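These protein sequence lines are chains R and W, in that order.
Numbering of the first sequence is given in my numbering, commencing with residue 50 and proceeding in unit increments.
Numbering of the second sequence is given in my numbering, commencing with residue 572 and proceeding in unit increments.
Ideal Cβ placement from N, Cα and C applies to all residues, glycine included.
Since we're looking at a predicted model, the values are computed, not measured.
Single-structure report; data block below.
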Amino acid sequence: MVTTKSHNQTMNFNHKLLIKNIIKYFFAGIIVIWSLFPVYWMLNNSFKNRVEQFSTTPTFFPHDFTLENYVKLFTDLEFHKVLSNSLIVSVTSTLIAVAVGALAAYSLSRFKFKGKWLLMVWILMVRVFPPVTFVIPLYSIMGKIHLLNTRTALILAYIVFNLPFAIWMLISFFNEVPIEIEESAMVDGSTHWNTFSKIVFPLVLPGIAATAIFTFMMGWNEFLYSMIFIQTPELTTVPVGLAGLVTEYLVLWGPMSAGGVLSVIPLIIFVIFMQDYLIKGLTLGAVKG
Amino acid sequence: MRKAEKITFLFLLPTLIILILLTIYPFFYALYISFREIDLLKDYNIFVGFKNYVRILQDETFWVALFNTVKFVFFAVFFEFILGMIFALFFNTGIKAIKLFRAIVLIPMLLPPITVALTWKMMYAYDTGILNYLLQQIGLQPVEWLSSTKWALFSIVFTDIWQWTPFVFLVVLASLQSIPLELYESAKVFGANTMQCFRNITLPLLKPGLILALLLRTIDTFRVFDKMYTLTGGGPGNATETITFYIYRHGFKYFETGYSAAAAILMVLMILLFSSGYLKRAISTSDLR
């Protein structure tokens, strides 16, 4: 009797657990579909021909699988130029912002000096100000020094927005390095520069990598400055190039979808290989706050 | 904490140069031209006092843009928080393969906003879009997502919710996972139920993360531009015109540089007003040591 009862209880328990799990994974499935559907839709459309794209009954898989959109994107629309512009602008601005930012963040994390508070507040303010505030004066300045319609103008503009972000993020990483490590190095006669470059820098390298990913992404995704500073299609970046494929008069959904798929590739790579750094960077400021 | 030395100054020098040349100078330059009427084509540049500001405040379109922006920020941030919290609480209940799920949920926020906007534009299309197709499949009427004054702003809000819910999700999940399990165990020992645990342990410990996420989402949503530009172009009429759009139009379509600068200064003041409470907190709890 007793054994049957407990047997029943276990059955009941297992049954409940099963139902609980089904509900759980059903809900997880909905979240996955919600997150991925638009991405899938873009991918799906990038392999459809023009007729299928404009059919009033949308197809969930391309009937006539075609690569013509990708071919058109690179031959007629010269998308490789756009991709390389984005790459040049994002990589250069990232390298400069992170290098300059690392030095500043180290100094702000370790030393006390006059005006430090003011500098920190200003750095935070640049993050808070909407980019459109700086677009008008920077446009005039770039015009005066003849930099409009050059990649340099964009690189400079992106440094402006990435630097405060990089400093803010890197300070936290430097703060995690115990100061005692440096002090013992200094006692052994290491110079400031050597302590920084040989001891502290390698320890914060993961943080620097995370910061670099973010600044790269900001440059890769940026639209407003790129649209205003660059006038020739030859020099344009990916977001503006893509937006240009869909205007009131001309809608190139096929090549746009193909370009959209390509614009996502660097980000997917980061998610796959750097998830932990990415998460750390994304939540750092917020969680520690 | 060590005293300032020459090295501090050297480490900070590049940052100071960049910030002074590319943020402080442009900011004061914007302030300066906001009191002037400038026509670059006719080389016309005179001091007009507060005329630009008065004209903005009297412009009906400005108030429409402001109202749209506030509506947009409120609804987008509100639903991003609700959904993000739900997702995070759900994924924190010991689900398997959490890393994979987390990576999938993150994808929307990593995509270029333009790619997101264009994909959704394709899905919102009246005749050929997937959304109306699905609505009709379940027996509902198709919706003019982007071309009716009733739906246009809502559609953009929806797209923004799709893209940025992952941010709130991530912050909440990271905060949840940093709460020591012993806290719940000892609360259970004292007879606390799930709801009491949530109210007295989870919520207070989530608060700092939530406040910073709220600050970041608010200021970032305030500056929204790409989505309006791509999805509706501010229309129909000015149903989706926002402040950034207003500044862009006056500065780069009508070439009213001074006027547009004045509007940008007003926008900065509004953001500071909106976020001063959070900002004070962010500064006081930041890693200044």
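Selected residue, minimal CA-CA separation from residue i, among the options
| i | options | result |
| --- | --- | --- |
| R:Y89 | W:A659, W:F740, W:V687, W:Y819 | W:V687 |
| R:V287 | W:P684, W:D731, W:M799 | W:P684 |
| R:V147 | W:G762, W:L774, W:L776, W:P585 | W:P585 |
| W:W634 | W:M841, W:M656, W:T594 | W:M841 |
| W:V676 | R:L85, R:I204, R:T108 | R:L85 |
| R:W171 | R:A206, R:H195, R:G268, R:F214 | R:F214 |
| R:M401 | W:Y849, W:A674, W:I836 | Past the edges of chain R, shown from 50 to 338, lies residue 401 of chain R, and the structure says nothing about it. |
| R:L144 | R:I277, R:T264, R:E127, R:I185 | R:T264 |
| W:L592 | R:S239, R:E232, R:F183 | R:F183 |
| W:V625 | W:G700, W:L837, W:L752 | W:L837 |
| R:L131 | R:M305, R:V320, R:L316 | For clarity, residue 131 of chain R is Val in the given sequence; the question names Leu instead. The shortest C-alpha separation from R:V131 is found at R:M305. |
| W:V795 | W:N623, W:I727, W:Y697, W:T720 | W:I727 |
Local conformation of residue i per DSSP, three classes
| i | result |
| --- | --- |
| R:D325 | helix |
| R:V300 | strand |
| W:I609 | strand |
| W:S695 | Strictly speaking, residue 695 of chain W in this sequence is Tyr, with Ser absent from that position. Residue state, collapsed to three classes: helix. |
| R:I68 | helix |
| W:S846 | helix |
| W:F618 | strand |
| W:F650 | helix |
| R:K161 | strand |
| R:V209 | helix |
| R:V295 | strand |
| W:F580 | helix |
| R:F214 | helix |
| R:S239 | coil |
| R:Q280 | coil |
| R:G150 | helix |
| W:A784 | helix |
| R:V129 | The residue you asked about is not Val; residue 129 of chain R is His in the sequence shown. The answer is helix: DSSP assigns R:H129 an H, G or I state. |
| W:K721 | coil |
| R:R99 | helix |
| R:Y89 | helix |
| R:D113 | coil |
Beta-carbon neighbours of residue i, restricted to chain R and to distances below 7 Å
| i | result |
| --- | --- |
| W:V676 | I80, S84 |
| W:A723 | Residues of chain R passing the Cβ test: none, with the nearest at roughly 15 Å. |
| W:D630 | Neighbours of W:D630 on chain R: none; closest Cβ ~17 Å, over 7 Å. |
| W:A601 | T182, I185, P186 |
Beta-carbon neighbours of residue i, restricted to chain W and to distances below 9 Å
| i | result |
| --- | --- |
| R:G256 | The contacting residues do not exist; R:G256 stays about 13 Å from chain W at best. |
| R:E130 | The displayed chain sequence assigns Lys, not Glu, to residue 130 of chain R. Within 9 Å Cβ-Cβ: nothing; R:K130 doesn't reach chain W, min ~17 Å. |
| R:L152 | L581, F582, L583, L584, P585, T586 |
| R:I216 | T586 |
Contact set between residue i and chain R, taken where Cβ atoms lie within less than 9 Å
| i | result |
| --- | --- |
| W:P683 | M266, W269, N270, E271, F272, V287, P288, L291, G309, S312, V313, L316 |
Where residue i meets chain W, residues with beta-carbon distance less than 8 Å
| i | result |
| --- | --- |
| R:V149 | P585, T586, I589 |
| R:H241 | E576, I578 |
| R:L205 | L593 |
| R:Y155 | F582 |
Residue i: contacting residues in chain W (beta-carbon distance under 7 Å)
| i | result |
| --- | --- |
| R:A77 | I666, F672 |
| R:K247 | Per Cβ cutoff of 7 Å: no residues; R:K247 is ~15 Å from chain W at best. |
Contacts of residue i in chain R (Cβ-Cβ under 8 Å)
| i | result |
| --- | --- |
| W:M656 | Per Cβ cutoff of 8 Å: no residues; W:M656 is ~13 Å from chain R at best. |
Using a Cβ-Cβ cut-off of less than 9 Å, list which residues of the region 168-181 of chain R approach chain W; keep chain order.
L168, M169, V170, W171, I172, L173, M174, V175, R176, V177, F178, P179, P180, V181
Note down, in chain order, all residues in the region 819-846 of chain W with a beta-carbon under 8 Å from any beta-carbon belonging to chain B.
Looking at the structure shown, chain B is missing, and the protein chains on hand are R and W.
Could you please tell me which residues of the region 86-104 of chain R, in chain order, have their CB closer than 8 Å to any CB of chain W?
P87, V88, W90, M91, N94, Q102, F103, S104
Any C-beta of chain R within less than 9 Å: which residues of the region 795-808 of chain W qualify?
F796, D797, Y800, T801, G804
Every unbroken alpha helix (DSSP H) inside the region 734-775 of chain W [4 residues or more]:
752-760, 765-768
Going along the region 696-713 of chain W in order, which residues come within less than 8 Å of chain R, judged by CB to CB distance?
D698, T699, G700, I701, Y704
Report the residue ranges of all alpha helix (DSSP H) runs contained in full by the region 634-691 of chain W; include only those spanning at least 4 residues, in chain order.
669-681
Could you run through the region 185-202 of chain R and flag, in chain order, every residue whose CB is less than 9 Å away from some CB of chain W?
I185, P186, L187, Y188, S189, I190, G192
Please identify, using Cβ separations under 7 Å, the residues of the region 222-239 of chain R that lie next to chain W, in order along the chain.
N224
Using a Cβ-Cβ cut-off of less than 9 Å, list which residues of the region 755-770 of chain W approach chain R; keep chain order.
none
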